[in-house]
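Protein chains: 4
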Amino acid sequence: MASSLSRPIAIIAGAGPGTGAAVARRFAQTYPVVLLSRSASSLDPLVQGINQNGGSALGLPTDVTNPENMTSTMTQIQNHFGADVSIAAAIFNVASKFSRSQFLESGPEFLDSLEATARGASNFSKAVIPLMLAEGRKDTSHGERYSPTLIFTGATAAMKGGSGLGSFAMSKFAVRALAQSLAREFGPKGIHVAHAVIDGIIATEMTKGYKDDTPDAKIDPNAIAEAYWFLHTQPRSAFTQELDLRPYCESW
Amino acid sequence: MASSLSRPIAIIAGAGPGTGAAVARRFAQTYPVVLLSRSASSLDPLVQGINQNGGSALGLPTDVTNPENMTSTMTQIQNHFGADVSIAAAIFNVASKFSRSQFLESGPEFLDSLEATARGASNFSKAVIPLMLAEGRKDTSHGERYSPTLIFTGATAAMKGGSGLGSFAMSKFAVRALAQSLAREFGPKGIHVAHAVIDGIIATEMTKGYKDDTPDAKIDPNAIAEAYWFLHTQPRSAFTQELDLRPYCESW
Amino acid sequence: MASSLSRPIAIIAGAGPGTGAAVARRFAQTYPVVLLSRSASSLDPLVQGINQNGGSALGLPTDVTNPENMTSTMTQIQNHFGADVSIAAAIFNVASKFSRSQFLESGPEFLDSLEATARGASNFSKAVIPLMLAEGRKDTSHGERYSPTLIFTGATAAMKGGSGLGSFAMSKFAVRALAQSLAREFGPKGIHVAHAVIDGIIATEMTKGYKDDTPDAKIDPNAIAEAYWFLHTQPRSAFTQELDLRPYCESW
Amino acid sequence: MASSLSRPIAIIAGAGPGTGAAVARRFAQTYPVVLLSRSASSLDPLVQGINQNGGSALGLPTDVTNPENMTSTMTQIQNHFGADVSIAAAIFNVASKFSRSQFLESGPEFLDSLEATARGASNFSKAVIPLMLAEGRKDTSHGERYSPTLIFTGATAAMKGGSGLGSFAMSKFAVRALAQSLAREFGPKGIHVAHAVIDGIIATEMTKGYKDDTPDAKIDPNAIAEAYWFLHTQPRSAFTQELDLRPYCESW
């Protein structure tokens, strides 16, 4: 495993179909990628596809909202890649389940989205940042390295609430707060923390049938992946903390 | 209790010293007030003070983050004021404990503030809104009534994160998301939902000694109370959803 | 004129029908008011109404976008009230003409709104602030005085642009920028500078017929006036820099 | 000139040293570039440098704040490249002169920055958008073309005012308002309109000596250029309307 010791990895939480898969494939062009998802079944085809196409992917089913799970996941990663593995890019793409419901008719599940997302984002960040700081300390005299980058996938509801959207908006606002706070704390230490506001419907299997009459009215997950890759390649003199991504025809 | 049947109440969660007490006294000039706080000891002097000064206050120690506690609190309120009690004003002033700490050194308590505040805000809103809708439906042909008003106390950290402030900012962002969402859902039903961004240090016993060399450099809690009362009196053609409150000499 | 020497005035630019008139009447309950408008004819009935109802109003037709006009206006004010007149409240309510037009079909008038509004807001501020600083310096040991207050009327388009709204939005964004900058410069000197985001249709003669089927769906100008008066009365430990005003049934 | 007929150009207003030059060089890797600046002398070395390095640059001294100048500039462009020239990318990088001054001590020049910048941004947009719409209509069946892209360079002061910064902030707020309005009007027509918030000091000849003790504490103009190029390459299913660019060590 000598060679991998000097080679940082990328890690993606929420590596299901759609954005997560596209991001995984994009970062696998440069790094070995570790893919986290609650269900092994959603990871398998993605891992196989990357490995068959010249990349290197490791799928680890885990529940990022559980701190102990996240700790054992990091141990598995170090067992696999070596104790001195470092992280070049970490993407938190865990989906808050979008739901619209009347506030008074919602039950205790009203807070599930918030607690799962916030706890997941917090656990994930605590697990990956030490290995990102390690990456930042590495000798970069031989060959270019990009600043270690931590990206959170956000949504319109990270910017404004909506009728019936309290549960979803609380979770998205909270993740944005975390992203801003980490950016201010770890930017000076060389870690690039960014938040992407996805403002539109993403083109996935699940959204087939929506807006199909207008070409490109849904966001191509690969375009999100390219934006994340661009964020990762920014030099530290010019980090982007926040950008929006929106179809040309979306009204907002 | 015949007379109280037709008289709506105000309810304040987080009625400790400082802002909560000032708001309680201000609304007690017009309404019987119900004061919620985790500790009975912090409620007692406030309740006594209001009752001795011609107001009517009922203190109920409760943990708003616990849905069952909140349910039994509402039952106590209906037992006391009558089953048809309605709520004219509800103030959520539960303090997220402000703390600044390095992210990687924080433990599981990192999420405590978020979960307590978000759960508290959500439980409280679910409990009070039905009685606010009831207030909105009452016959107002005899004498003026103000629109039922639900106010959340926010902070600078509701608008932007900060280094070491992730925990606090997540909780404040989440409450703002809830306030915006409820405003959009219940505004059309006549409930005024507002969010106040308190941007500065509040003058309390605890903050004695800070900024004492500059007069009025700390926010007078009574000024917050007046602002909340103003929000309550706005007619429905011109609701304010958000305002900031900041000392004249604060830089921002 | 001895008595007026110690009595500050309020001044309103854009004192036409609607918001300007309502604000004039509200502030005339406490102060002599000076009303500025381009056309004398729109001032006359308002001035007469105030004077007949126990208030004191002086109407001065002037073009606030012209620095020389504004200078001579201030001279007229000092001739009338005495050289040591001071200003307790100044309201900039000059309407940017709302217009929606396709960008490529707009002519040089595209910039008219911006230049008139920005120049007007700037001229007005330069003229009134010295007399507001004078008010702040006055001996207030005998009786309460409120902090001198400068309020700018803004709109939804101060917060976000819109298709075909470039001209209007540029003017409203620019006024908001000025308000924020003056708040930060003159707040520490005791002047309260605020910006009100009017997000909805105001109920005036001109808007009769709009939304008439929903009660209170248009903003009552008197509610705006009350909000401005509330801003004026805030103590300096708790100034509001920005608030929104919006009908309960408006979607946003 | 047959070949140029099918080849779109890029046009940069404010092509002085620093950001403008870096953007010109970046876009010259793909397109013939037209460079506008008030002074020929600042254009010459840049134009020569691009032409000597395999690019194609045309420098046109012009005052973009003057509509007639801008019209004759477009005529020169069509004379040079052919009547059917189209525009793939247009960058408005005209600098509002940054200045901090006490409001009451500023003279009529207080509005110069606003009027020049706003008029410049408006004139420039009116001149280039028709040729961008033409580019969007071209047959793209042979080879990839990017969506025509109009980018405005903004600053921190586009987001918030500051003491003594009223003049600069008004101009930057106004340009942001224009960018948002044009994005909403022309996005659905396939033009990508973006606004970049440059939040930090740019490393140029002029800023030598600032923050020199911290590496990369000033923004590399080439990093801005790369970000603009990235914006240009975004597919229309995922346009970014706004991003910030800020050194890792900047506090904000």
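Sequence order for the protein chains is A, B, C and D. Per our numbering, the very first residue in the first sequence carries number -2; after that it's consecutive. Per our numbering, the very first residue in the second sequence carries number -2; after that it's consecutive. Per our numbering, the very first residue in the third sequence carries number -2; after that it's consecutive. Per our numbering, the very first residue in the fourth sequence carries number -2; after that it's consecutive. We put the beta carbon where it would ideally sit given N, CA and C, even for glycine.
Looking at C-alpha atoms only, which residue of A:Ala155, A:Met71, A:Arg134, A:Thr237 is the closest neighbour of Phe121 (chain A)? A:Met71
6 Å CB neighbourhood of Ala10 (chain B) in its chain, flanking five on each side removed: Leu33, Val61, Phe89, Val91, Phe121
Rounded C-alpha distance that separates Ala131 (chain B) from Glu182 (chain B): 16 Å
Short CB-CB distance (under 8 Å) between Gly163 (chain A) and chain B: yes
Looking only at C-alpha atoms, which of C:Asp241, C:Ser178, C:Ala222 sits nearest to Trp249 (chain B)? C:Ser178
Does the distance from the C-beta atom of Gly184 (chain C) to that of Tyr245 (chain B) stay below 8 Å? yes
Assuming Ile84 (chain B) is part of the alpha helix (DSSP H), what are its boundary residues? Taken as a continuous stretch (DSSP letters only), Ile84 (chain B) belongs to no alpha helix (DSSP H), being part of the beta strand (DSSP E) at 84 to 89.
Residues bridged to Ile126 (chain D) (per DSSP): None; Ile126 (chain D) has no bridge partner.
Opposing strand residues paired with Pro58 (chain A) [DSSP bridges]: A:Ser34
First through last residue of the alpha helix (DSSP H) which encompasses Ala10 (chain C): First-last for Ala10 (chain C): 6 to 10, but that is the beta strand (DSSP E), not the alpha helix (DSSP H).
Is DSSP giving Ala235 (chain C) helix, strand or coil here? helix
Which residues, taken in chain order from the segment 226 to 242 of chain D, show a beta carbon closer than 7 Å to some beta carbon of chain A? Phe227, Gln231, Pro232, Arg233, Ser234, Ala235, Phe236, Thr237, Gln238, Glu239, Leu240, Asp241, Leu242
Going along chain C in order, which residues have a C-beta closer than 8 Å to the C-beta of Asp213 (chain B)? Pro232, Arg233, Ser234
Does DSSP classify Ile188 (chain A) as helix, strand or coil? coil
At least one CB of chain D closer than 8 Å to the CB of Gly187 (chain A): is that the case? yes
Please report whether the beta-carbon of Ala224 (chain C) lies at a distance below 8 Å from any beta-carbon of chain B. yes
Which residues in chain C sit within 8 Å of Ala149 (chain D), going by Cβ to Cβ distance? Checking the displayed sequence, the identity of residue 149 (chain D) turns out to be Phe instead of Ala. Within 8 Å Cβ-Cβ: nothing; Phe149 (chain D) doesn't reach chain C, min ~12 Å.
Nearest CA to the CA of Gly197 (chain C): which residue from B:Phe170, B:Arg134, B:Ala235, B:Ala191? B:Ala235
Interface residues of the segment 111 to 122 of chain B facing chain A [CB-CB below 8 Å]: Leu111, Glu112, Ala115, Arg116, Ser119, Ser122
Quick check: the segment 160 to 169 of chain B against the segment 109 to 120 of chain B, are there 3 or more CB pairs under 8 Å? yes
Beta strand (DSSP E) segments (min. 3 residues) lying fully within the segment 176 to 229 of chain A: 189 to 195
Starting from the beta carbon of Gly159 (chain C), find every residue of chain D whose beta carbon is closer than 7 Å, and list them in chain order. Ser178, Arg181
For a test of the three-state rule: what should DSSP assign to Leu147 (chain D), helix, strand or coil? strand
So, at 6 Å on beta carbons, what are the nonlocal neighbours of Ala222 (chain B) in its own chain, with the 5 sequence-adjacent residues on each side left out? Ala19, Val20, Arg23
Buried or exposed: Gly104 (chain A), going by 16 or more other Cβ atoms within 10 Å of its Cβ? exposed
Proximal residues of chain C, C-beta to C-beta of Met167 (chain D) below 7 Å: Ala115, Ala171, Ala174, Leu175
Under 7 Å Cβ-Cβ, which residues of chain C neighbour Phe107 (chain D)? Ser119
Spell out whether any CB of chain A is found under 8 Å from the CB atom of Pro58 (chain D). no
Which one or two residues does DSSP pair with Ala152 (chain B) in a beta bridge? B:Ile195
Outcome for His192 (chain A) when other beta-carbon atoms lying within 10 angstroms are tallied against a minimum of 16: buried
DSSP state of Leu240 (chain C), grouped into three classes? strand
Quick one: residues in its chain with C-beta nearer than 7 Å to the C-beta of Ala(-1) (chain B), no 5 flanking neighbours on either side, listed in chain order? Its pLDDT being 38, under 50, Ala(-1) (chain B) is placed unreliably by the model, and nothing is read from it.
When we look at the beta-carbon of Lys205 (chain B) and count the other beta-carbons within 10 Å, is it buried (16 or more) or exposed? exposed
Could you tell me whether the Cβ of Pro14 (chain B) comes closer than 8 Å to any Cβ of chain C? no
Contact set between Pro244 (chain B) and chain C, taken where Cβ atoms lie within less than 9 Å: Gly184, Arg233, Ser234, Ala235, Phe236
Determine the chain A residues that contact Leu101 (chain B) at a beta-carbon separation under 8 Å, and present them in chain order. Lys123, Ile126, Pro127
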